[in-house]
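Protein chains in written order, with the working numbering: chain A, 237 to 391; chain B, 35 to 152; chain C, 131 to 159.
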């Protein structure tokens with residue numbers, strides 16, 4: 237029930253203790269929670285470098301040429317968060333077709349932030365996942381979430 | 035009259051009321067004029083009213099498809115002349131063109147020479 | 131965990147990226 241900005245301030249203090257990175261069965265690395273999380277709670281911000289979307293293609297090519305995985309999240313038509321080289325643990329959140337979290341762009345005091353919220357109560361130790369929104373591209377990427385409701389492909 | 039376009043520009047650019055001046059900041063982007071040409075020799079002039087420390091312009095000609103969120107001369111649809119060092123750009127490749135560059139107070143003339151046919 | 135990506139810089143919140151003057155240039159003269 238608290239205002240978003242107040243919840244965000246609280247998140248800044250707590251996110252670090254609440255989550256950690258582990259070897260995930262979904263994909264290489266993943267994010268898990270180190271304490272119980274209530275439904276609707278703010279879990280972590282998808283923090284990174286705020287770049288103009290016209291820089292995305294060049295950066296993607298650059299990361300590919302260096303064999304670095306690309307961690308980007310679109311805020312709106314013009315702006316993207318690039319967490320590949322500057323970011324926090326949220327970059328490791330995996331996709332699931334049956335997620336326990338969801339992502340929302342929230343306006344905090346005039347600035348847009350991508351925040352990951354809990355869809356339901358999540359017990360300590362569970363992997364945190366959300367339903368990625370992928371750009372529509374020609375080649376299909378197989379989904380490895382392994383849930384019964386899996387859509388088999390990421391885009 | 036040929037003016038700076040309101041609907042053919044990067045939204046973050048600010049055009050003056052008379053649509054004869056444009057101001058931008060924080061990252062290259064593009065504005066086009068309301069009119070284009072398709073053949074013959076054409077020439078347009080502009081004046082650099084202000085150029086604060088560290089800011090630059092890239093001025094020239096481009097086709098309809100030049101990317102509005104990149105500097106003129108970024109892709110194959112545009113040809114530009116940069117105020118810093120007077121370099122000319124096309125497809126993101128800079129070539130030495132004019133010693134020293136241009137800046138505040140300069141009047142620039144930008145000519146294009148197109149074939150009469152096709 | 132930041133060891134997973136070499137030269138990775140950990141952030142607590144978003145950082146505005148300042149574009150370089152030559153951000154879009156492949157070759158500059």
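Glycine residues also receive a C-beta, built at the ideal position from the N, C-alpha and C atoms.
query	result
Inter-residue spacing [alpha-carbon to alpha-carbon] between residue 386 (chain A) and residue 274 (chain A)	25 Å
Same chain, Cβ closer than 6 Å to residue 66 (chain B), neighbours up to 5 away in sequence not counted	39 and 42
Within 8 Å, strictly: CB atoms of residue 158 (chain B) and residue 133 (chain B)	For chain B, the structure presents residues 35 to 152; residue 158 (chain B) sits outside this window and is missing.
Residue 327 (chain A) versus residue 250 (chain A) - alpha carbon distance	17 Å
Residue 124 (chain B) and residue 135 (chain B) closer than 8 Å at C-beta	no
Selection of the region 102-131 of chain B by Cβ proximity to chain A, strictly under 7 Å	103 and 104
Integer Cβ distance of residue 283 (chain A) from residue 346 (chain A), believed to fall under 8 Å	Incorrect: roughly 17 Å between the Cβ atoms, too far for contact.
Where residue 91 (chain C) meets chain B, residues with beta-carbon distance less than 7 Å	Given a span of 131 to 159 for chain C in the structure shown, any question on residue 91 (chain C) remains unanswerable.
Residue(s) in a DSSP beta bridge with residue 122 (chain B)	B:115 and B:129
Three or more C-beta pairs below 8 Å linking the region 362-378 of chain A and the region 328-337 of chain A	yes
Three-pair Cβ contact test at 8 Å for the region 138-158 of chain C versus the region 282-301 of chain A	yes
Unbroken alpha helix (DSSP H) run spanning residue 251 (chain A), endpoints	240-254
Proximal residues to residue 117 (chain B) (C-beta, below 6 Å), its chain only, five neighbours per side dropped	90, 91, 135, 136 and 137
Residue 158 (chain C) (DSSP reduced to helix, strand or coil)	strand
Cβ pair residue 391 (chain A), residue 378 (chain A) closer than 8 Å	no
Closer than 8 Å to chain B by CB, residue 143 (chain C)	no
Test item: CB-CB of residue 279 (chain A) and residue 352 (chain A) under 8 Å	yes
DSSP three-state assignment for residue 132 (chain C), whether helix, strand or coil	Reliability fails at residue 132 (chain C), whose pLDDT of 48 lies under 50, so the model's placement of it is uncertain and no value is given.
Three-state class that DSSP yields for residue 289 (chain A) in the structure shown	helix
8 Å Cβ cutoff met for residue 143 (chain B) and residue 79 (chain B)	yes
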